[in-house]
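K.L.:
Here it is, the structure in full.
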Amino acid sequence: MSRAVPFRSVLRSEWTKLWSVRSTWWCTAVYVVVAGGGGWLAAAGTDTSPRADVAVQTALTGFGIAQLALVVLGVLVVSSEFASGLALVSLTAVPRRTRLLLAKTVVVVAYCLLLSAVLAVACALAARTLTVVPGGVQPDDPDVLRTLGLQVGAAGLVGVLGVALGAVLRSTAGAVGIGAALVLVAPPALALAGGELAARISQSLPALRVGEDAFLAVPTTWPVGMGVVSAWAVGGWLLGALLLERRDV
Amino acid sequence: MIELAGLTKEYGTRVAVDDLTVTIQPGRVTGFLGPNGSGKTTTMRCVLGLARPTSGTATVLGRPYRELAQPMRRVGALIDPRARHAGRTAYRHLLALAQSNGLPRARVDEVIDLVGLESVADDRVRGFSLGMGQRLGIAAALLGDPDVLLLDEPVNGLDPEGIRWVRELLRGLADEGRTVLVSSHLMSEMEDTADHLVVVGRGRLLADLPMEELLGAHSAVRVRTPQGPTLADALRRAGGHVELEIDGALRVEGLGVAEVGDVAFLADVRLHELARVTVSLEAAYLALTDDEVEFRAVTR
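First to last, the protein sequences are chains A and B. For the first sequence, this note's numbering begins at 284 and goes up steadily by one. For the second sequence, this note's numbering begins at 18 and goes up steadily by one.
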């Protein structure tokens with residue numbers, strides 16, 4: 284019997300699928316404009332800042348909304364296949380379903396990380412040039428690097444969450460709706476509601492900004508914030524993989 | 018080779034495929050016939066691992082589909098001609114599929130030429146007609162040069178030239194020793210294409226037999242004579258089933274042409290016409306599935 288198809292072949296296939304549709308470029312454009320543009324505007328509107336990492340964090344404000352584009356991108360990578368019936372063909376070509384989902388996830392995460400890294404560095408440059416900080420914004424400042432690393436890492440997890448939602452719900456509208464509620468609407472809404480319980484729930488949702496600068500949600504420490512987003516992404520992904528294996532196409 | 022053993026698929030209380038046991042042999046084109054809703058597509062989905070059987074098994078080349086190491090090199094399938102992303106070009110659709118099984122890029126150009134989509138290869142498939150979708154689906158099925166082909170209604174939406182092309186393609190593939198299973202509701206198409214038939218109705222196997230046999234079982238002899246009553250009596254004594262046709266000719270079942278001629282000679286009856294009439298596949302099929310039609314138009 285011939286050897287199994289190597290995983291990198293499936294990755295290459297999913298990469299081709301990702302860049303060969305317009306929705307990817309639309310999501311990318313929205314992400315770049317909102318995260319990059321928002322960041323530059325925030326930096327330009329902040330004349331001075333007490334610390335370098337705070338200045339950078341301010342310049343990353345745009346990510347708070349922009350990452351919704353990554354949720355949409357992740358959702359579409361899965362849900363568009365079910366909407367068009369392409370899933371029939373894809374799962375005939377790659378019948379080991381978790382393998383297919385993993386390939387999609389790796390490609391989406393790689394894309395999210397790469398794009399977010401470029402954008403985050405651009406925003407840090409904005410902070411460096413537009414905001415006055417004692418000692419300046421130095422590229423080797425560990426606090427600055429941590430802030431940037433957190434943002435890039437969170438963007439990768441948001442991509443995973445999108446793929447997971449797509450696999451669980453299969454419907455683009457449903458998955459984007461629930462995704463937007465989870466990451467963008469519910470955390471600030473609950474923060475506004477006030478009260479101990481609402482605050483707890485707000486902190487336990489995968490908000491698009493993690494840590495103290497929580498973009499309208501209830502702030503928390505960054506390890507807790509990353510833990511929460513990771514748990515949602517990984518938990519959702521495992522559920523998606525389980526359902527994909529179990530359900531008929 | 019495709020083997021189904023007791024294959025059953027239920028959706029809630031509806032039984033789509035009911036204890037289907039049949040083997041699809043290589044080297045010939047097997048027609049998969051049945052009325053709408055008879056379980057043809059569901060059966061194919063079970064074979065391809067897209068739907069999980071409620072009970073029973075479906076194997077391809079001796080293994081469950083999901084365990085095939087290089088699925089596209091073993092099996093090519095066309096289930097739904099609309100199964101494609103509208104915004105992707107035909108070339109990139111096929112390229113992504115080829116890459117997923119480690120097939121060379123050159124193979125994409127080959128199948129595009131083979132199905133005649135060269136001129137639209139770089140167009141987004143959004144504007145494709147049903148016929149172009151079928152060609153794209155057939156191209157995808159042929160990408161891996163597979164040993165087994167499953168095609169669900171491949172000629173649906175094709176023009177006459179396209180239908181003839183598919184027919185010759187399937188014949189050629191079967192002659193190379195491949196297993197070809199093709200479903201269709203176009204009986205005339207099957208008559209010219211398939212060597213063997215598997216007929217299902219309400220998910221159950223109704224017939225699994227060579228095309229010749231099905232047609233033979235429903236063939237008859239037509240005979241015309243000025244001495245109708247005399248010949249009819251003689252034929253009945255010889256064991257034939259005789260019916261009077263509208264134009265006065267006799268329709269004889271159960272006897273061959275030669276036997277009818279001999280009976281007439283011995284009965285001293287003059288004949289004006291003696292012919293074997295082969296019923297169309299359509300008539301044979303309707304006779305077979307008459308009780309099994311699930312969705313029948315109400316006529317009153």
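Beta carbons are placed, not taken as given, at the ideal position from N, Cα and C, and that holds for glycine. Note that this is a predicted model, so its numbers are computed, not measured.
#1: Since Ile461 of chain A contacts Leu473 of chain A with CB under 8 Å, what's their CB separation in whole angstroms?
#2: Spatial neighbours of Arg286 of chain A within its chain, please: C-beta separation below 7 Å, excluding the five flanking residues on both sides.
#3: How big is the Cα-Cα spacing for Arg90 of chain B and Arg453 of chain A?
#4: With respect to the alpha helix (DSSP H) encompassing Leu385 of chain A, which residues constitute its N-terminal and C-terminal limits?
#5: Please classify Ser297 of chain B: does DSSP put it in a helix, a strand, or coil?
#6: When burial is assigned at 16 or more other CB atoms within 10 Å of the CB, is Asp397 of chain B buried or exposed?
#7: Closest by CA to Ile180 of chain B, which one among B:Pro163, B:Thr210, B:Thr47?
#8: Assuming contact is defined by CB atoms lying nearer than 8 Å, are Thr196 of chain B and Gln42 of chain B in contact in what I supplied?
#9: For Thr331 of chain A, which beta-bridge partners are listed by DSSP?
#10: Given a threshold of 16 other Cβ atoms within 10 Å of its Cβ, counted over all protein chains shown, does Gly194 of chain B qualify as buried or as exposed?
#11: So, using beta-carbon positions, are Leu166 of chain B and Ala156 of chain B closer together than 8 Å?
#12: Got a sec: which bits of the region 335 to 368 of chain A sit with their beta carbon under 8 Å from any beta carbon on chain B, in order along the chain?
#13: State the Cα-Cα distance for the pair Met284 of chain A and Ala86 of chain B, rounded to the nearest angstrom.
#14: Give the straight-line distance between the Cα atoms of His235 of chain B and Val296 of chain B, rounded to the nearest whole angstrom.
#15: Can you name the residues of chain A whose CB is closer than 8 Å to the CB of Met61 of chain B?
#16: Over the uninterrupted beta strand (DSSP E) stretch that includes Leu168 of chain B, give me the two end residues.
#17: My understanding is that Gly176 of chain B touches Gly148 of chain B, with C-beta atoms under 8 Å, so please give their C-beta distance in whole angstroms.
#18: State the start and end residues of the unbroken alpha helix (DSSP H) segment that holds Glu208 of chain B.
#19: Along chain A, in chain order, which residues have C-beta atoms closer than 9 Å to that of Ala237 of chain B?
#20: For the alpha helix (DSSP H) containing Tyr108 of chain B, list its first residue and its last residue.
#21: Residues of chain A with CB under 7 Å from Tyr302 of chain B, in chain order?
#22: Inspect the CB distances between the region 372 to 386 of chain A and the region 106 to 125 of chain B and report whether three or more fall short of 8 Å.
#23: State whether the region 394 to 407 of chain A contacts the region 315 to 324 of chain A, with contact taken as three or more CB pairs (one from each stretch) at a distance under 8 Å.
#24: Does the CB of Ala287 of chain A have a neighbour CB from chain B at under 8 Å?
#25: Just the chain A side, please: which residues come within less than 9 Å of Ile96 of chain B by C-beta, in chain order?
#26: Under 8 Å between C-beta atoms, does Asp330 of chain A make it to chain B?
#27: Could you spell out the range, first to last residue, of the beta strand (DSSP E) harbouring Gly218 of chain B?
P.N.:
Concretely, from the data shown:
#1: Ile461 of chain A to Leu473 of chain A, Cβ: 16 Å. No contact.
#2: none
#3: Cα atoms of Arg90 of chain B and Arg453 of chain A: separation of roughly 29 Å, rounded to the nearest angstrom.
#4: 380 to 413
#5: coil
#6: With chain B covering 18 to 317 only, the question about residue 397 of chain B has no answer from this structure.
#7: B:Thr210
#8: Cβ distance < 8 Å, so Thr196 of chain B and Gln42 of chain B count as in contact.
#9: A:Val415
#10: Classification for Gly194 of chain B: exposed.
#11: no
#12: Ser363, Glu364, Ser367, Gly368
#13: Caution applies to Met284 of chain A, whose pLDDT of 48 falls short of 50 and renders its modelled position unreliable; the value that the coordinates give is listed next. Going from the Cα of Met284 of chain A to the Cα of Ala86 of chain B covers about 8 Å.
#14: 6 Å
#15: Residues of chain A whose Cβ lies closer than 8 Å to the Cβ of Met61 of chain B do not exist; the shortest such Cβ separation is about 10 Å.
#16: 165 to 169
#17: The amino acid at residue 176 of chain B is misidentified as Gly; the sequence shows Asp. Rounded, the Cβ-Cβ distance is 6 Å, consistent with contact.
#18: 204 to 210
#19: Here the premise fails: no neighbours, minimum Cβ distance about 43 Å.
#20: 107 to 117
#21: Result: empty, since nearest Cβ-Cβ is about 27 Å, beyond 7 Å.
#22: yes
#23: yes
#24: yes
#25: Using a Cβ-Cβ cut-off of 9 Å, Ile96 of chain B is close to Gly368, Leu371, Val372, Thr375 of chain A, given in chain order.
#26: no
#27: 213 to 218
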